[in-house]
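The structure appears below as structure tokens.
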Amino acid sequence: QQQVKQSPQSLIVQKGGISIINCAYENTAFDYFPWYQQFPGKGPALLIAIRPDVSEKKEGRFTISFNKSAKQFSLHIMDSQPGDSATYFCAASTSGYSTLTFGKGTMLLVSP
Amino acid sequence: DVKVTQSSRYLVKRTGEKVFLECVQDMDHENMFWYRQDPGLGLRLIYFSYDVKMKEKGDIPEGYSVSREKKERFSLILESASTNQTSMYLCASSLGPNSNQPQHFGDGTRLSIL
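So the protein sequences, as listed, match chains B and A. Here our numbering is used: the first residue of the first sequence is 1, the next is one more, and so on. Here our numbering is used: the first residue of the second sequence is 113, the next is one more, and so on.
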């Protein structure tokens, strides 16, 4: 049973546009929601994370929006650049547990 | 910076062989993880360890075992390799028992079983 559903599977955005990736979860015990970025040939790296006590977190061009009632969270990449082309994974976990449940990933291509 | 090092970038083995994948982290992290990554399936947790000589099954432990004899080293073992274990394997580590600690990943081992 997939506990974190991520969409779309792939995304093409023009340079300067906004990239939006969505995730939905089922387990209401989840209380930590990180996003990981993976470039080809590299392991994933933490990009940004949010807890459910806030509805939005922004770091530079990257913003997480969180909707607790809908059990959804999303990553917005403003002014997308070709260097943002990568695979993005959302994830979720529960306090007291070390493991993360990952979405299946979104392959983002930002065209020049 | 945390460094997680996986011993091989590419590995080719034959069906039935016993295969060892090695992972070392240099930041005294408590937790270590093994994932496999397959197109369209994302990252799936195989095993994790929260202390030396401790291990816990993840979502897909069948056909795998692990060993953690030292804090910095976590090994994944394929007891009798099969073609359906051809995949990218990723090792990760995190600081402590709190889940709100980022996981730091190695660059992966691409394993082919012929």
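Cβ atoms here follow ideal geometry from the backbone N, Cα and C, with glycine treated the same way.
- For A:Gly218, the residues of chain B that pass the 7 Å Cβ criterion are Gly43, in the order they occur in the chain.
- Cβ neighbours of B:Pro112 within its own chain (closer than 8 Å, five residues either side excluded): Lys15, Pro82.
- A residue is called buried when at least 16 other Cβ atoms come within 10 angstroms of its Cβ; B:Gly105 meets this threshold and is buried.
- Using a 10 angstroms sphere on the CB of B:Thr101, the tally of other CB atoms reaches 16 or more, which defines it as buried.
- Close partners of A:Phe160 in chain B (Cβ separation under 8 Å): Ser98, Thr99.
- For A:Gly152, the chain B residues whose Cβ falls inside 9 Å of its Cβ are Gln9, Lys104, Gly105, in order along the chain.
- In chain A, no part has a C-beta under 9 Å from the C-beta of B:Phe66; the shortest such distance is about 15 Å.
- Counted as a single uninterrupted DSSP element, the beta strand (DSSP E) harbouring B:Ser65 occupies residues 62-67.
- Within a 10 Å sphere around the beta-carbon of B:Ile50 sit 16 or more other beta-carbons, which makes this residue buried.
- Where A:Asn143 is concerned, the enclosing beta strand (DSSP E) starts and stops at 143-150.
- Between A:Gln215 and chain B, the shortest Cβ-Cβ separation is below 8 Å.
- Residues of chain B with a Cβ closer than 9 Å to the Cβ of A:Leu157 are, in chain order, Thr99, Leu100, Thr101, Phe102.
- In this model, A:Gly175 and A:Gln215 are separated by some 24 Å (Cα to Cα).
- Only residues of its own chain outside the window of five on either side were considered, and among them Ser55, Phe73 have a CB closer than 8 Å to the CB of B:Asn67, listed in chain order.
- Counting along the chain, the unbroken beta strand (DSSP E) around B:Lys5 starts and ends at 4-7.
- Here A:Gln197 carries a helix assignment [DSSP, helix/strand/coil].
- The bridge partners DSSP lists for B:Thr106 are B:Tyr88.
- Under the three-pair Cβ rule at 8 Å, the region 135-151 of chain A counts as touching the region 177-192 of chain A.
- Between the alpha carbons of B:Gly17 and B:Ser80 lies a gap of roughly 5 Å.
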